[in-house]
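Report on one structure; see the data block that follows.
Residue numbers (my numbering): 1 to 672.
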């Protein structure tokens, strides 16, 4: 027991020493690798920040240049899509091109239609003398003055509508629609005529004509043909769906431009017409309907006027596209944002003008308007996924694979070294146990020899029968020592491949019966019943070295006796087997656990139960049996169950199935 504790303590100390040697370098290697990865990540983050700051500065310069170029549009006749020019003065706001702004804060002043010329004719009309009034209206409709002609045509159509003369009324409206510089009740004459035509078709029940006229009116209305103020525009926008059957769809951005014009007029009135009160550049978050902030570029113009360039986000997007880096390496260095790094333009309140909404804490580079002088806050958003995964992923992956390979190599080498050390320790432990077991095996017969020798020396006059019994004891113990020594020498020769075998045809049943008979005479067989049965294979011969095969069978019988408990009956059977003939030794002893059934055929290995119960043995018996059987071209089979005994079966080929060759046999690999 103390020896087991000593080996266990040595193993634990060796494990602690092994961990003390291997673990610190492994931990240090992993820590250094982690530090290297962290430094690489920090270095990349610093370089990436510098690159993105430079890219954001390039974007600022590009947008500054775009704004400078846009200021020249204030004097040009052609404007790109998404841009409108607004001129503010005392009379109101002028828009160019007209179709891009749906309404104006103040409708342009136009010459009103005449009214005084129609006083007498209207009196006749109200007195019920419609025919006389119509003649006077038709006479005035031929006037050379547009204001008089517009008023007369409107009244001619009115008289015909009252009398339900639809064609005549429609003809008057058609003539009125050709007059576009005269206003009637604040609305251009041609628009009044076309609205009245729609009312006429509706009143007359002409649905097809109404639909055609209403759709044409809607197209001209949305194209900005008539400069309307906001109330007039809303009136038309409410009336048209009743005629067309669908809601109007203003062009994208037109509502935002109209709201920007209203803001300019409101600010102009607040400043009492002072153009110097306006900043040169301004971003407006106007028109919550479209959620489309408008960028205004302002310039004071001669004659107490203010010119403004209204730029929609759709056009700003083209500016941002121009900030992207080029792919030609022969040109100037590529310093702009990468294609996967979107730019965002924000108002002072943080509303997005163009681009994605920046995510808080995402690490975007931000340049506020107060720093750059631009009308927006510029944000360079990080790529998704972050660029280190794209640009440094291969390097980091290579480094991690290298570190993992080193760690695995170290772990694998350490594991193999540990297994080798454990195996050597196990062999040393088995050898120590073997020496102890052999010492015990030698001690018992030596003690008997010594005791008998002392008795013989003390009295020379012993009776002949007593002296003969002493000599018998001396002979048996001498034979026991001889067998033990020969077994050790034979096993050594087997391990080295020097064991000579002399196979001859041998009757398996006769050999087994002779070994059983000899074993019954041994002291260890006292109190044990050994049954023998060879009826099934009484005449089967095998090629075998009789002495070696007898030695193997003796070892099996010896094991059966040592490990038998309770019912001390051993059965030896010689029977046919699919591979030849089988010599079986069956006991009802302790049994062998399944986990030990392969290990017990190795040298020095003994079962846990045998060690625990103190059963004597060297751990060589079954190893020798395995060597001998395999040298004869056979095999050993084991059937065992804990508490139910064991059956060892020596399977040998018969003479007709291939006799064994005489001479030396190679060592058996694995020692069983």
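Ideal placement from N, C-alpha and C gives every residue a C-beta, glycine not left out.
In this structure, the beta-carbon distance from residue 264 to residue 88 falls below 7 Å. Short of 6 Å from the beta carbon of residue 177, and not among the five residues preceding or following it, lie these beta carbons of its own chain, in chain order: 190, 193, 194. By the Cβ neighbour-count rule, residue 155 is buried, with 16 or more other Cβ atoms within 10 Å of its own. Residue 225 and residue 99 have their C-alpha atoms some 7 Å from each other.
A straight line joining the alpha-carbon of residue 511 with that of residue 20 spans about 59 Å. By the C-beta criterion, the stretch 520 to 527 is judged to be in contact with the stretch 554 to 568, since at least 3 inter-stretch pairs fall below 8 Å. A check of alpha carbon separations from residue 166 across 203, 25, 70 identifies 203 as the nearest. Its chain contains 508, 509, 512, 534, 537, 583 as the residues whose beta carbon lies nearer than 6 Å to that of residue 574, once the 5 sequence neighbours on both sides are disregarded; these appear in chain order. Setting aside the 5 residues that flank it on each side, residue 37 is surrounded in the same chain by 396, 399, 400, each with a C-beta closer than 8 Å to its C-beta; the list follows chain order. Taking a 10 Å sphere around the C-beta of residue 78, we find fewer than 16 other C-beta atoms and assign the residue as exposed. Counting along the chain, the unbroken beta strand (DSSP E) around residue 584 starts and ends at 580 to 586. By the Cβ neighbour-count rule, residue 134 is buried, with 16 or more other Cβ atoms within 10 Å of its own. The Cβ atoms of residue 179 and residue 150 sit closer than 7 Å to each other. Distances from the CA of residue 119 to each of 110, 93, 107, 152 were compared; the closest alpha carbon is that of 152. Separation of residue 412 and residue 32 (C-alpha to C-alpha, rounded to the nearest whole angstrom) is 20 Å. Nearest Cα to residue 382 within the set 366, 421, 376: 366.
Measuring C-alpha to C-alpha distances from residue 259 to each of 240, 296, 110, 75 identifies 296 as the nearest.
In the three-state reduction of the DSSP assignment, residue 647 falls in the strand class, which pools E and B. Under the 8 Å Cβ criterion, the stretch 270 to 277 does not count as touching the stretch 102 to 120, having fewer than three qualifying pairs. Among the bridge pairs identified by DSSP, residue 520 is matched with none. In the structure shown, the three-state DSSP call for residue 180 is coil. Counting the other CB atoms within 10 Å of its CB gives residue 213 a total of 16 or more, which places it among the buried residues. Collapsing the DSSP output to three states places residue 532 in a strand. Beta bridge pairing from DSSP links residue 575 with 582. Under the DSSP assignment, residue 87 falls in the beta strand (DSSP E) whose first and last residues are 83 to 88. Residue 637 has 649 as its beta-bridge partners, per DSSP.
Going by C-alpha positions, residue 125 is about 20 Å away from residue 170. Between residue 309 and residue 70, the beta carbon gap of about 6 Å places them in contact (Cβ cut-off 8 Å).
In the three-state reduction of the DSSP assignment, residue 318 falls in the helix class, which pools H, G and I.
Ranking 317, 52, 504, 136 by CA distance to the CA of residue 293 puts 317 first.
The residue among 569, 633, 594, 530 with its C-alpha nearest the C-alpha of residue 581 is 633. Within its own chain, the residues whose Cβ lies closer than 7 Å to the Cβ of residue 261, once the five positions on either side in sequence are excluded, are 86, 93, 95, 101, 104, 105, listed in chain order.
Put simply, the backbone Cα of residue 114 is about 53 Å away from that of residue 373. Ranked by Cα distance from residue 148, the first of 129, 184, 628, 127 is 184.
Between residue 182 and residue 146, the C-beta gap is smaller than 7 Å, which places the two residues in contact.
Residue 541 counts as buried, since at least 16 other C-beta atoms from the protein chains shown sit within 10 angstroms of its C-beta.
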